[in-house]
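Residue numbers (the numbering used here): 4 to 375. Ideal Cβ positions, reconstructed from N, Cα and C, are used throughout, including at glycine. Predicted model only: the values in this text are computed from it and were never measured. A short write-up of the structure that comes next.
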Amino acid sequence: MQELLRSYEKKRVSPRCTIKIDFKKAFDIVQWVFLRDLLHLLGFPARFVHLVMKCVKTASFSVCINGNLFGFFPGKCGVRQGDPLSPYLFIICMEYFSRLLKSNTHLSGFSFHPKCQALEISHLRFADDILLLCRCDMASVNILLQQLQVFGESSGLVINAAKSSIFFAGVSEGMKQVILNLSQFTEGSFPFKYLGVPLSPHRLLASQFSPLIHRLESTIQSWLGKFLSYTGRLELIKSVLHGMVQFWISIFPIPVVVINKITSLCRNFIWTDNMFRCKSALVAWKQVCLPKNEGGLGIYDIKARNDSFFAKHLWNIHLKADSLWIRWVDHYYISRASIWSLEAKQTDSPLWKSIFSLRNRMTNLYGGVAPV
């Protein structure tokens with residue numbers, strides 16, 4: 004998605020827009036009739052559908068007021084949050100929306116977002132996080148809004164217009180106002196959050212990683228004062244703190260100042276005693292990050308981990324792995340060339356430049372022989 008946003012703050016670009024959709028209480032308002040009929044239409048056995056709907060419909064609820072439970076009443080719609088089955092059922096509902104868009108974006112009058120025509124990309128979704136993409140003209144936007152309305156009437160999933168946004172590029176103020184009035188959405192500004200991370204047309208500044216840093220700090224603060232051994236602290240760093248960092252370092256080239264801050268938080272936590280006193284480090288952090296069979300504690304180095312993810316992206320591009328992003332990169336960036344023979348351009352995105360920078364370092368370090 005970062006690649007598609009590259010031109011959004013340029014003045015002279017073809018009209019385009021991205022619509023970020025927010026559903027009102029997404030899991031709680033899915034209509035049971037819609038879910039049952041959809042499971043039948045997708046070809047699931049009748050017995051299986053019956054058992055699934057039994058699980059969905061037999062849920063009962065109580066209300067907690069001042070710490071006391073009151074009432075006991077059955078549900079009328081929705082799937083239970085926290086139920087292991089619910090995410091799968093919700094994804095099935097969103098699959099209906101994807102197919103609805105796919106069948107209607109082939110209508111005459113719909114124009115795809117620039118650099119989306121070849122792969123027919125009209126939307127990106129993960130559970131209830133949805134981005135709609137199109138050329139910014141009345142016909143295209145209207146087709147997308149109509150499908151949202153049809154989906155809402157069928158499934159019960161209603162759009163929260165106050166929290167939904169449209170991001171414009173290459174569009175006149177008059178056209179913006181017409182589309183905003185039609186949709187009742189607000190005009191968005193960059194960076195915006197999608198799947199928990201900020202997206203922007205530009206390279207993210209160190210300050211824009213503050214949500215990640217604040218989350219790490221608040222998590223560590225909740226652990227202070229508890230009687231944790233060094234082993235317990237080590238396991239919390241490996242399983243919790245590094246788990247929070249994992250998604251960010253897999254998609255962004257992380258600035259050095261942010262890496263140093265994350266390392267500092269982890270280092271201080273492991274050497275802080277249960278009386279909130281930060282002791283001097285007993286072992287150098289470089290030694291701590293070594294594998295256990297080399298005398299370390301097996302905590303991974305953030306910078307090395309960040310590079311390893313980009314090396315994986317590089318290898319997947321070489322292999323032409325079956326993913327939407329790889330297919331998009333192969334079509335629009337590589338074409339018939341090889342990732343090992345291309346050079347980064349000045350106008351390329353920070354992500355693309357980071358992949359090329361890592362490629363050059365790897366080939367120089369390991370002999371400079373590119374795979375065929």
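{"Item": "Between R330 and the ligand FAD, is the CB less than 7 Å from at least one heavy atom?", "Value": "Of ligands this structure carries none, so the ligand FAD is not represented either."}
{"Item": "Can you give the beta carbon distance from Y376 to F170, rounded, assuming they're within the 8 Å contact cut?", "Value": "Residue 376 lies beyond the stretch modelled for the chain, which goes from 4 to 375, so this question has no answer here."}
{"Item": "Going straight from the alpha carbon of I262 to that of T350, what length do you get?", "Value": "26 Å"}
{"Item": "Contact between the stretch 45-61 and the stretch 179-186 is defined here as three or more beta-carbon pairs at a separation below 8 Å; is this criterion met?", "Value": "no"}
{"Item": "Per DSSP, what are the beta-bridge partners of T189 in this structure?", "Value": "S168"}
{"Item": "Would you report the Cα separation of L104 and R330, rounded to the nearest angstrom?", "Value": "20 Å"}
{"Item": "Count the C-beta pairs between the stretch 20-39 and the stretch 80-88 that are closer than 8 Å, then say yes if the count reaches three, no if not.", "Value": "yes"}
{"Item": "Taking its Cβ as the centre, do 16 or more other Cβ atoms sit within 10 Å of H109, making it buried, or is it exposed?", "Value": "exposed"}
{"Item": "Just how far apart, CA to CA, sit R364 and S311?", "Value": "12 Å"}
{"Item": "Considering only the alpha carbon of each residue, which of F93, L202, V200, R128 lies closest to L160?", "Value": "F93"}
{"Item": "Give every residue of the same chain whose Cβ lies closer than 8 Å to the Cβ of I240, excluding the five residues on either side of it in the sequence, and list them in chain order.", "Value": "C269, F272, I273, I302"}
{"Item": "If you follow the alpha helix (DSSP H) that L322 is in, where does it begin and where does it stop?", "Value": "305-322"}
{"Item": "Please classify A29: is it buried, with 16 or more other beta-carbons within 10 angstroms of its beta-carbon, or exposed?", "Value": "buried"}
{"Item": "Kindly provide the ranges of any alpha helix (DSSP H) runs that are 4 or more residues long and lie completely inside the stretch 343-374, ordered along the chain.", "Value": "353-368"}
{"Item": "Sort L215, S352, D325, K315 by Cα distance to R362 and report the nearest one.", "Value": "K315"}
{"Item": "For the beta strand (DSSP E) containing D333, list its first residue and its last residue.", "Value": "Where D333 is concerned, there is no enclosing beta strand (DSSP E), given that its DSSP letter is neither H nor E."}
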